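*Asks:*
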Amino acid sequence: MEKLVYVLRRRAGDSIEAHRDALLATAAPAILEAGALALTAQVADLATDPRVRPEQLFGEGATYASVVSVWLDSLDARAPVTAALEALGGRVDAYLVTESVPQACVDRTWKDGERSPGVTQIVTFPKPDRLTDEAFFRGWHDEHTPFSFELHPTRWSYVRNAVARALTPGAPPYRAIVEERWREFEEWLDPKRLFGSGDVLRRSAEELVHYADFASLNQTLASEWIVKSLRA
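For the sequence shown, the residue numbers in the working numbering are 45 to 276.
(1) Over the uninterrupted beta strand (DSSP E) stretch that includes W226, give me the two end residues.
(2) Is the beta carbon of I280 less than 8 Å from the beta carbon of A109?
(3) Excluding the 5 residues preceding and the 5 following L245 in the sequence, name in chain order all residues of the same chain whose CB lies nearer than 8 Å to its CB.
(4) For the beta strand (DSSP E) containing W269, list its first residue and its last residue.
(5) Counting only the same chain and skipping the five closest in sequence on each side, list residues whose C-beta sits under 6 Å from that of E268.
(6) Taking 8 Å as the cut-off, decide whether the C-beta atoms of Y50 and A138 are in contact.
(7) Measuring only the C-alpha atoms, how far is L101 from L274?
(8) On the DSSP bridge assignment, give the partners of E24 in chain order.
(9) Taking a contact to mean a Cβ-Cβ separation below 8 Å, would you say A249 touches P172 in this structure?
(10) How is the alpha helix (DSSP H) around L233 delimited, first residue to last?
(11) What are the boundary residues of the alpha helix (DSSP H) that includes L179?
(12) Three-state secondary structure (DSSP) at L48?
(13) Quick one, are the C-beta atoms of V136 and L252 less than 8 Å apart?
(14) Does the beta-carbon distance from V271 to G157 come in below 8 Å?
(15) Within its chain, find whatever has a CB closer than 8 Å to the CB of A80; leave out the 5 residues flanking it on each side and keep chain order.
(16) Which residue or residues does DSSP assign as beta-bridge partners of T164?
(17) Rounded to the nearest angstrom, what separates Y218 and T153 at their Cα positions?
(18) So R237 packs on T264, CB below 8 Å; how close in whole Å?
(19) A85 lies in the beta strand (DSSP E); which residues open and close that run?
(20) Looking at C-alpha atoms only, which residue of A88, E143 and L233 is the closest neighbour of E46?
(21) Closest to A210 by CA distance: which of D93, I221, F193 and A88 is it?
(22) Is V244 helix, strand or coil when you go by DSSP?
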């Protein structure tokens, strides 16, 4: 089984609501019909909330419409999945990833197809050229991941996708696609609840250079729909 992550932009003239509705009503059924084992859609509709400050949407993240995760028996069967997403009319970048779940959501109460409670913070970034693969993964996985529990003490779940390779021509050279969730949007909006102490924030800035450059980070905020879970 393999996991593919698609980063979508909106078609010119489409609202985020129109993108969401077409994704869930048209593309998602086609993807499942094509044999997807599981499907999750993160729609960046919360990024347009007036309480979100522009500086909280980093880099290319402000242009994301959705991030769609698809599980297939083999990536060789991805053509109809990609076609269903391309039919939405916007840009589509696809990646083969290795998924790790350092913090699982263990108290899910909602059904497949329903909007998940809370908010997803999605962050993507490339590997800095100055780092070897070994140093990059040591900084991201071995150092930052355990530290992130101090950085975000109210976080609900954490999914870490390491990019194996891009699957579409011209896709940005991301090496990391991160999905972090909070139970309530208000938790994310309140810095005192989102972050730990001031000392933790200072340490976060210091350890960032071990795996990423701030200027290369891309961030958006999304609502999650687990259209079909692996255990459904």
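Ideal Cβ positions, reconstructed from N, Cα and C, are used throughout, including at glycine.
No experiment lies behind these values; they were computed from the predicted model shown.
*Replies:* Straight from the coordinates:
(1) In the sequence shown, the residue the question calls residue 226 occupies position 182. For W226, the uninterrupted beta strand (DSSP E) run begins and ends at A220 to W226, by DSSP.
(2) Lying before the first or after the last residue shown, residue 280 is absent from the chain, which here runs from 45 to 276.
(3) Residue 245 sits at position 201 when you count from the first residue of the sequence shown. So the list reads L195 and F239, once near-sequence residues are dropped.
(4) Residue numbering aside, residue 269 sits at position 225 when the sequence shown is read from its first letter. W269 -> beta strand (DSSP E) spans N262 to K272.
(5) The sequence position of residue 268 within the sequence shown is 224, counting from 1. If we look at E268 and ignore the five residues flanking it on each side, its Cβ neighbours are Q86, S160 and T164.
(6) Residue 50 sits at position 6 when you count from the first residue of the sequence shown. Residue 138 sits at position 94 when you count from the first residue of the sequence shown. A contact, by the Cβ cut-off of 8 Å.
(7) On the sequence shown, residue 101 is found 57 positions in, with the first residue counted as 1. On the sequence shown, residue 274 is found 230 positions in, with the first residue counted as 1. Those two C-alpha atoms are separated by around 30 Å.
(8) What is shown of the chain runs 45 to 276, which leaves residue 24 out entirely.
(9) Taking the first residue of the sequence shown as position 1, residue 249 is located at position 205. Taking the first residue of the sequence shown as position 1, residue 172 is located at position 128. No.
(10) Along the sequence shown, read from residue 1 onward, the residue named residue 233 stands at position 189. F229 to L233 is the span of the alpha helix (DSSP H), which, as asked, contains L233.
(11) Start at 1 with the first residue of the sequence shown, and residue 179 comes out as number 135. Reading the sequence as shown, one finds Ala at residue 179 and not Leu. It spans D177 to F181 - the alpha helix (DSSP H) in which A179 sits, taken as one unbroken run.
(12) Here the question's residue 48 lines up with position 4 in the sequence shown. L48 falls in the strand class under three-state DSSP.
(13) What you label residue 136 is simply residue 92 of the sequence shown in a count that begins at 1. What you label residue 252 is simply residue 208 of the sequence shown in a count that begins at 1. Cβ distance not < 8 Å, so V136 and L252 don't count as in contact.
(14) Translated into the one-based positions of the sequence shown, residue 271 becomes position 227. Translated into the one-based positions of the sequence shown, residue 157 becomes position 113. Cβ atoms of V271 and G157: closer than 8 Å.
(15) As a working note, residue 80 is residue 36 in the sequence shown. Contacts found: V114, W115, L116, V125 and K272.
(16) Start at 1 with the first residue of the sequence shown, and residue 164 comes out as number 120. Answer is R225 and A266.
(17) Locating residue 218 in the sequence shown gives position 174, where the first residue counts as 1. Locating residue 153 in the sequence shown gives position 109, where the first residue counts as 1. Taking the CA atoms as reference points, Y218 sits about 33 Å from T153.
(18) Counting from one through the sequence shown, the residue named residue 237 turns up at place 193. Counting from one through the sequence shown, the residue named residue 264 turns up at place 220. About 20 Å separates the two Cβ atoms, so there is no contact after all.
(19) On the sequence shown, residue 85 is found 41 positions in, with the first residue counted as 1. Unbroken beta strand (DSSP E) run through A85: A82 to V87.
(20) Locating residue 46 in the sequence shown gives position 2, where the first residue counts as 1. Out of A88, E143 and L233, E143 has the C-alpha closest to the C-alpha of E46.
(21) Numbered from its first residue, the sequence shown carries residue 210 at position 166. Residue I221 is the option with its Cα nearest to A210.
(22) In the sequence shown, the residue the question calls residue 244 occupies position 200. Reduced to three states, the DSSP call for V244 is helix.
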